[in-house]
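In what follows, a single structure is set out as structure tokens and then discussed.
Number of protein chains: 2
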Amino acid sequence: MSKAPVPSQLDTTILAETFRLLGDPTRLRILFFCLESPRAVGDIAASLDLSQSLVSHHLRLLRGARLVRGTRQAKQVFYELADRHVSDMLVDMADHVCEEADET
Amino acid sequence: MSKAPVPSQLDTTILAETFRLLGDPTRLRILFFCLESPRAVGDIAASLDLSQSLVSHHLRLLRGARLVRGTRQAKQVFYELADRHVSDMLVDMADHVCEEADET
DNA sequence: CAAACATATCGATACGTGTTCATATGTATC
DNA sequence: GATACATATGAACACGTATCGATATGTTTG
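Residue numbers (our numbering), protein chains in the order written: chain A, 957 to 1060; chain B, 957 to 1060.
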């Protein structure tokens, strides 16, 4: 299944929604940062030099799209990529772009 | 090479730029339409029910990012995906999203 | 060269959204 | 319960950009 080369217009919209979320540098940095291991919101903000509010806003969007999931641990909430699909997707795309950059 | 799991901030920006372009439903529809075979601008507009101007605008952006390439043939210009990487990327992502949709 | 067709560009507008500041919610410690 | 810490939410602003209409560029045919 899932072989259809041309998705329906609805699927296209959903796919575009995912791409749109990935299409922001700040969100991408957050995602890649959480790719290694679950990260607390404060750590993300500090490490990436972003305001806590901004990080929380972006995490909310990423959560809504099921790209990340957060789990509370005492005061902190640790975020990680939602599942293997998402992380694989990110790594694959990063590879694709790197390879593209090699070609002239 | 191209194994780095965490791209540099610059790479992240470039990657985000690509995602951003893919993050528009209209552009995605254009890309998937050109995925099967090279398509003339007018055909794209007619088949997807878009204004010729809008299609041309989007193609300009996609061209700038080397996601598509157009070749003149008499009066018409036929657009196709730039290379195998781009088309593979699209199909992979479509599969990912389809599989995600299956999970509940 | 003029006319017709196909595509590209320009100007203007409407809308979405990334960011910030301030505030609220939630959680542990005294 | 009050205080301090961590995160989430809300309002407001600035900016980018998707879209449209009109026009320009380019290409073939008479």
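Even glycine gets a Cβ: it sits at the ideal position worked out from N, Cα and C.
| Asked | Found |
| --- | --- |
| Under a CB-based cut-off of 8 Å, is residue 974(B) close to chain A? | yes |
| In whole angstroms, give me the CA-to-CA distance for residue 1003(B) and residue 1044(B). | 23 Å |
| Among the residues of its own chain, which have a CB less than 8 Å from the CB of residue 1008(B), if the five just before and after it don't count? | 997, 998, 1001 |
| Using the beta-carbon count (16 or more within 10 Å), is residue 1027(B) buried or exposed? | exposed |
| Just checking my contact of residue 968(A) with residue 984(B) at CB under 8 Å: how many whole Å lie between their CB atoms? | 5 Å |
| Of all the CB atoms in chain B, is at least one closer than 8 Å to the CB of residue 1014(A)? | no |
| Name, please, each residue of chain A whose Cβ falls closer than 8 Å to the Cβ of residue 962(B). | 988, 989, 991, 992 |
| Check residue 1024(B) in the structure and name its three-state DSSP category. | strand |
| Could you run through the region 1022–1053 of chain B and flag, in chain order, every residue whose CB is less than 7 Å away from some CB of chain A? | 1041, 1045, 1047, 1048, 1049, 1050, 1051, 1052, 1053 |
| Short of 8 Å in beta carbon distance, which residues of its chain neighbour residue 1010(A), apart from the five on each side in sequence? Order them along the chain. | 982, 1001 |
| Can you say whether residue 995(B) is buried or exposed, counting buried as having 16 or more other CB atoms within 10 angstroms of its CB? | buried |
| Using the DSSP secondary-structure output, state which residues sit across from residue 1029(B) in a beta bridge. | 1032(B) |
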